[in-house]
Structures are given as C-alpha cells and as structure tokens.
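The next block holds one structure in the form of structure tokens; read it before the comments.
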Amino acid sequence: MFPTPLSQHGHSAVLLGKQLRRAAGQRAQPPSARPEVTKPRSLGCSETIDVEINPKGAHAVPAISRDEVAHLARLSRLALSDEELDQFAGQLDSILNHVKAVSEVAADDVPPTANPNPVTNVTRPDVIVPGLTPEQALSGAPAVEQDRFAVPQILGDEQ
Amino acid sequence: MSSADLTKLDASDLAAKIHAREISSVEVTRAHLDRIAKVDSEYNAFLHVAAEGALTAAEAVDAGLAAGDAPASALAGVPLALKDVFTTTDMPTTCGSKILEGWVSPYDSTVTTRLRGAGIPVLGKTNMDEFAMGSSTENSAYGPTKNPWDTTRIPGGSGGGSAAALASYQAPLAIGTDTGGSIRQPAAVTATVGTKPTYGTVSRFGLVACASSLDQGGPCGRTVLDTALLHEVIAGYDPRDSTSIDAAIPPVVAAAREGAKGDLKGVRVGVVKELHSDSYQPGVISSFDAAVATLTELGAEVVEVSCPHFEYALAAYYLILPSEVSSNLARFDAMRYGLRVDDGNMSAEEVMAATRAAGFGPEVKRRIMIGTYALSAGYYDAYYGQALKVRTLIARDFDKAYEQADVLVSPTSPFTPWKLGEKVNDPLAMYLSDLCTLPTNLAGHCAMSVPSGLSKDDGLPVGLQIMAPALADDRLYRVGAAYEVARGAIA
Chain H
15 MFPTPLSQHG HSAVLLGKQL RRAAGQRAQP PSARPEVTKP RSLGCSETID VEINPKGAHA
75 VPAISRDEVA HLARLSRLAL SDEELDQFAG QLDSILNHVK AVSEVAADDV PPTANPNPVT
135 NVTRPDVIVP GLTPEQALSG APAVEQDRFA VPQILGDEQ
Chain E
192 MSSADLTKLD ASDLAAKIHA REISSVEVTR AHLDRIAKVD SEYNAFLHVA AEGALTAAEA
252 VDAGLAAGDA PASALAGVPL ALKDVFTTTD MPTTCGSKIL EGWVSPYDST VTTRLRGAGI
312 PVLGKTNMDE FAMGSSTENS AYGPTKNPWD TTRIPGGSGG GSAAALASYQ APLAIGTDTG
372 GSIRQPAAVT ATVGTKPTYG TVSRFGLVAC ASSLDQGGPC GRTVLDTALL HEVIAGYDPR
432 DSTSIDAAIP PVVAAAREGA KGDLKGVRVG VVKELHSDSY QPGVISSFDA AVATLTELGA
492 EVVEVSCPHF EYALAAYYLI LPSEVSSNLA RFDAMRYGLR VDDGNMSAEE VMAATRAAGF
552 GPEVKRRIMI GTYALSAGYY DAYYGQALKV RTLIARDFDK AYEQADVLVS PTSPFTPWKL
612 GEKVNDPLAM YLSDLCTLPT NLAGHCAMSV PSGLSKDDGL PVGLQIMAPA LADDRLYRVG
672 AAYEVARGAI A
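Line by line, the protein sequences are chains H and E.
Anchor point for the first sequence: position 91 equals 105 in the numbering used here, and the numbering is continuous, going up by one each time.
Anchor point for the second sequence: position 374 equals 565 in the numbering used here, and the numbering is continuous, going up by one each time.
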C-alpha cells in the first residue's frame, strides 16, 4: 500500500518537559552532535519547546512525504487542494515523528488494550423495540427518492 | 432577587429555592436566557439557544411543584448548557462542524433523555472544537469561544463553550465530553470545575463519536457539589451503549458533602513525579505546590509516585485517537445525512471526497489522515499495535501508583490559557496542553479539575487535577470538595 522504506530525511520532534526530553535522550544525539537546532519557540510561558532535527536515519520508522500525504488523502476520501497538501505534509511529518516514540517502549510481551472495559460479546435480549420511522431515518438525508436515500452514481457507465 | 443575582447563584442553591417555591424555574431560566442574549456576542459560547424549549421545560417543572409533586431530581428546574456533540431532537447538533450544519438528529442521546427526565431545562448547545478535536475551540467551524477571564485568550477545548458559559454566568451547569482532557482543561483555564467520569459510566449513546474507547461525557459546574449533583443525574447503565458498565454509580454527592467538612485524614494523595516538570509554566507549578500543601494541612498523607510510561502517553494517544477517528468519521459520506457537495456530474466517490474536503476543518483532516496512516497494512504493528501495548503499560503504572495512594494529583494543564491564534498552525504544540490529562483517558479511569487559584506570573486560572481509579469517582469529589473549602474564593 505504501512504498517502503521511504527516503530517509531529517526528522523533527517537539518535546516538552523532562519526561519527554528523557525520551528523546534515548534516541537522539547529544546536543553538540545535532545537525541543526532551530530557534526555540514560545510556549506562551517562560519556558520553550525545543524543536530539534535528528540525525539522518536515526529512526527505524520513516516519516512521511508529500506524495504519501496525497495518497493518504485519497484513501481518506479527502479532495485536498495543493495548498492543503503542502501544509499538511510538514505537519503530519512532525506529528508522526513525535508519535513514533512508542516504538522505543519494550513491549513485546505486553498484551494490547483496545478498550479499557474488558467486556466482550455484549448482547441484549432479542426483543423487538420501536425504531426510527422511514421519515425519521430520512429526515437528514441530502436527497430522498421513494423512501430511500438517493445517492450519486456508484458504478461507471461501462460497468 | 434580581435577574442578575439569579445567574450568580450555585446550582444547588437555585435548586433549593426552586424546590421550596421561593423562586420559579421559569424565572431562573429566563434570567439565564437574558444573560445569554446580553453577553454571548462577546464570548461565542453558544452555537444554538433554545429559549422556547428551555422555558417550556421550566414551566413543566414549576407546574409539577405547584401541584405538590416531588422534584424529578435534585437539580430539577435548574437550567443547563449542553455541548453540541450530544444529539437532540429539538435543536441542531453540529459538533462544531460545517459537515453537520443545521442537522437535527431523529433521536435524543441518552444524556439528553436523562436531562429531560430530571427536569433540567436545556438553554442551548455550546461551542466546541470540531468533533471534539482540539484544546482551544479554535477548531470550531463557527468561530472560537473567548475566555471570560481574558477575551483575547482561549477558553480551552474541546469543551470551551461549556466552560465559558459557566465562567460568564450564562449557565449554572453544563455538560462536556472528555476524550483526552476536553472537560478538564477548559475547566482549568476558566476556573470552573469539570469531571471526566469513569469510562463506561455515562452513556455514549447519541454522543457523536470522536474516539470511542476514550470518549466520556461528564458534568461541569462552578462548584464541586454542583458538579457532583449533575454527575448523579447523567451517570448510569445504558443497554444501548455496549461499553456501559452495569454497576452502581459511586455516591459522588455524599462524597462531596463529606469532603466539604474539610477533613482528609486517612486519605493518601500521590503526586505523580512525571507530571511535575520544571518546564511547565512556573505559576502553574507554584499553584500546584500550594494546593498540595493545602491537602497536607487538611490531613491527607502526601506521597510521591512514579508512572514511568506516562512519558509515552502523548505519543500513544495521538496514534490511538486518530485511528479511531479515521474509522468513526468515515460515516460522514454525504449519503445519509449532513452536507453533500455535488455538481451533478460526480461519482459517489467524488461526491464523498469533495464533501469531506469542504465539510471538515484542518485538524479533523489531519487526524483522519494520521489514523489512516497508523492503521495501514505496513504500519499497523509499529504504530497502532504498539500504541495499544503502551496503553496497557500506562494502566499498569496507574495500578501500581494506586497501591500507594487513593488519589493522584497533578496540574490539569502545563500552562494557563494562551492567546487565540498562538498555536493554530502548530498542532503538536497544541497537543502538549493535554499532557497531564491523557493518561486517565487511556486507562479508562476518572479525574476532575478543580480551580487552584490564579497563576502568579500572569494572573490567569490554574487547575488542580485529581485522579482516581475506575469506579472510584467518589474519591475525586471528597478530595475536591475539601480542597475547594480550604482554598476559598478565587481572586
């Protein structure tokens, strides 16, 4: 689905607080070895966020290219403009470079938690209860025809 | 009592006066509607005001009391502001999005039904970040809400409308939802109270989904007792929510009344080491440290606890949440309800893509794409799968901490409300405001934000977060109420 591995390029990570800096320390070079450190930006308080560019190839999981963002937009059924793609590409790269920190955690033998309530196969008694009328169910529909949702053409002419 | 005075009273006082028939619910409701008409152009807390519906509900409460009926609930007759993410058959539900502009649900959410059954008039629907994604309400398609403490600043998010309505005396009670802090962070930055109840105790039926395994409706008020009273109205088992917990709701009102006596002897309070950093705003830290000292004075035993995996909570959350979002928001397909963009020559797929591009704002688009990426075949294990394991480790950290403490405390947010526009183009910087609130959602536990005063460095509100294990919501109210009494009035 995605071309992998992606070209390896610089990554940014935004960090706040000792705890996140510690996380960075496990994978990033010491400050002197960093190829570039951008000017700290204001946090709206007297502290700052460090924006650091990590060394090439420092991460096992690559970040994202503009082409991939365009591909994601298609998969997500979002007809984005070129301007949006330009803007989102950088932002998604920055977000993904932060969230990939989860890969640092040794968790091979840890079971996943998809939902905090350990409930499975929740059923209800098989009793008929009133539901929505057709009028109610169709009340918000963009288009209605013969008590049905009217939708644009799904299959092409040749199909 | 003048109309202006009525808007300043606590919900519990209003309820007592209404039930004693000293004042009518109609008077109280009208006072708040007048206040909304007068001031909300300044704050933009409401997306929809339902004057007629609220007054009709108030009249019914008054008529019942006049006939000698017992009040339907402890808050019967006290009006409320409802976050615009709960469905209502008599008002639009937009979720702060253009894609649902003007949409009216054919059914009520369970929370709506409970409010109606409790005789609580709904004043209107409050502003929010689009589909509850954001920390500032700047992601609302209908313009941001302004913080009543400083209208150049954000009121928090996603429930900034509900918090601002309380802080500006437009409503004595409000409902929010909390997926990663959307009740607690707005409460913190507006000096109001808000609780994220234990996951599964407030029904999600008719709550338009953001991230289903994290979303939880909850009560907001100006006092701990008011919040507790509303908590008991909305919480309870609902067979229409398959993750609803079929268990008794903890006695939160009794706990708030007990706490108000000001004695916390025997209560063990854990300060989470990982949620106390010298990179937080200094005024936030000093306010928090003073709050911990107050808890000690109240007799609590304060210990330090460590939750080493919390440093990964933000990363895990921003994988799990977008993954669920990308799936949940697939329902906005322009076919059955909501916006449809169609020039008449487009295929169904083109209509979907054009509609979603036009109807969703930038933050929603970003999160849908992040989720689509994290769930894609090549990256599922590395991103979503790994985040779910980290979620387990965070829950284990909590379990260990709760062996040493009955409640945990931290600042609610690392900083006070920032300027509108300051972080709009830096999503990651915005996400950091939820650093302290996210772990509770990942674990499905409960937590409250209670005001801890004003920051020394900028004079803006700071919140104290109190956390407790699942189904121990009563502990939040006991500690919160005791702290509230000892803290005294703010500013």
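Ideal placement from N, C-alpha and C gives every residue a C-beta, glycine not left out.
May I ask you to report which of helix, strand or coil DSSP gives residue i?
i, result
"residue 136 of chain H", "coil"
"residue 341 of chain E", "strand"
"residue 290 of chain E", "helix"
"residue 601 of chain E", "strand"
"residue 112 of chain H", "helix"
"residue 643 of chain E", "strand"
"residue 638 of chain E", "strand"
"residue 408 of chain E", "strand"
"residue 614 of chain E", "coil"
"residue 426 of chain E", "strand"
"residue 462 of chain E", "strand"
"residue 159 of chain H", "strand"
"residue 47 of chain H", "Per-residue confidence for residue 47 of chain H stands at a pLDDT of 35, beneath the threshold of 50, marking its modelled position as unreliable; the derived number appears in the next sentence. Note: residue 47 of chain H maps to helix in three-state DSSP."
"residue 396 of chain E", "coil"
"residue 273 of chain E", "strand"
"residue 68 of chain H", "Model confidence at residue 68 of chain H stands at a pLDDT of 37, short of 50, so the residue's coordinates are unreliable and nothing is read from them."
"residue 213 of chain E", "coil"
"residue 141 of chain H", "coil"
"residue 165 of chain H", "coil"
"residue 154 of chain H", "coil"
"residue 385 of chain E", "strand"
"residue 202 of chain E", "helix"
"residue 621 of chain E", "helix"
"residue 467 of chain E", "coil"
"residue 632 of chain E", "helix"
Give me the Cβ distance between residue i and residue j, rounded to the nearest whole Å; I'm assuming they're in contact under 8 Å.
i, j, result
"residue 512 of chain E", "residue 402 of chain E", "4 Å"
"residue 361 of chain E", "residue 223 of chain E", "6 Å"
"residue 319 of chain E", "residue 287 of chain E", "4 Å"
"residue 416 of chain E", "residue 672 of chain E", "7 Å"
"residue 321 of chain E", "residue 554 of chain E", "7 Å"
"residue 629 of chain E", "residue 386 of chain E", "The Cβ separation is near 16 Å, so there is no contact."
"residue 585 of chain E", "residue 382 of chain E", "Incorrect: roughly 29 Å between the Cβ atoms, too far for contact."
"residue 618 of chain E", "residue 109 of chain H", "6 Å"
"residue 179 of chain H", "residue 583 of chain E", "Missing from the structure shown is residue 179 of chain H; chain H here goes from 15 to 173 and no further."
"residue 313 of chain E", "residue 241 of chain E", "6 Å"
"residue 316 of chain E", "residue 237 of chain E", "7 Å"
"residue 252 of chain E", "residue 202 of chain E", "Between residue 202 of chain E and residue 252 of chain E the Cβ distance is about 14 Å, and since that is not below 8 Å, they are no contact."
"residue 710 of chain E", "residue 664 of chain E", "Outside the shown range of chain E, which is 192 to 682, sits residue 710 of chain E, and nothing can be said about it."
"residue 491 of chain E", "residue 455 of chain E", "4 Å"
Got a sec, what are the start and stop residues for the alpha helix (DSSP H) residue i sits in?
i, result
"residue 511 of chain E", "504 to 519"
"residue 485 of chain E", "473 to 488"
"residue 118 of chain H", "Element bounds for residue 118 of chain H: n/a, residue is neither H nor E."
"residue 389 of chain E", "It is not in any alpha helix (DSSP H) - residue 389 of chain E carries neither H nor E in the DSSP assignment."
"residue 670 of chain E", "664 to 678"
"residue 577 of chain E", "577 to 595"
"residue 713 of chain E", "Chain E is shown from 192 up to 682; residue 713 of chain E falls before or after that span and cannot be answered."
"residue 85 of chain H", "80 to 89"
"residue 546 of chain E", "539 to 550"
"residue 357 of chain E", "351 to 358"
"residue 93 of chain H", "Note, residue 93 of chain H: premise wrong, no alpha helix (DSSP H); not H, not E."
Give the range of the beta strand (DSSP E) segment to which residue i is assigned.
i, result
"residue 364 of chain E", "364 to 368"
"residue 657 of chain E", "652 to 659"
"residue 237 of chain E", "237 to 240"
"residue 124 of chain H", "Unbroken run through residue 124 of chain H: none, as it is neither H nor E."
"residue 532 of chain E", "First-last for residue 532 of chain E: undefined, no H or E at that position."
"residue 493 of chain E", "492 to 496"
Would you say residue i touches the ligand FAD, meaning its beta carbon is less than 6 Å from a heavy atom?
i, result
"residue 528 of chain E", "In terms of ligand content, the structure shown is empty, and the ligand FAD therefore cannot be addressed."
- [ ] Could you tell me whether the segment 626 to 636 of chain E touches the segment 410 to 427 of chain E, where touching means 3 or more Cβ pairs closer than 8 Å?
- [x] no
Open item on the list: Tell me whether the segment 454 to 462 of chain E and the segment 422 to 438 of chain E touch, counting them as touching only if at least three CB pairs, one residue from each stretch, are closer than 8 Å.
Closed with: no
Open item on the list: If we require 4 or more residues per run, which alpha helix (DSSP H) segments fall completely within the segment 294 to 349 of chain E?
Closed with: 301 to 308
Open item on the list: Taking contact to mean 3 or more Cβ pairs, one atom from each stretch, closer than 8 Å, check whether the segment 640 to 660 of chain E and the segment 598 to 617 of chain E are in contact.
Closed with: yes
Task: Stretch-stretch touch, CB-based, cutoff 8 Å, three pairs: the segment 470 to 480 of chain E with the segment 494 to 507 of chain E - done: no
Task: Touch test, the segment 152 to 168 of chain H against the segment 239 to 251 of chain E, Cβ-Cβ under 8 Å, three pairs minimum - done: no
Open item on the list: Does the structure place the segment 520 to 533 of chain E close enough to the segment 145 to 159 of chain H that three or more beta carbon pairs sit under 8 Å?
Closed with: yes
TODO: Indicate whether the contact test is met: 3 or more Cβ pairs, each with one atom in the segment 83 to 99 of chain H and one in the segment 543 to 550 of chain E, closer than 8 Å.
DONE: yes
- [ ] Any chance you could list the alpha helix (DSSP H) runs of at least 4 consecutive residues sitting entirely within the segment 222 to 269 of chain E, in chain order?
- [x] 242 to 257
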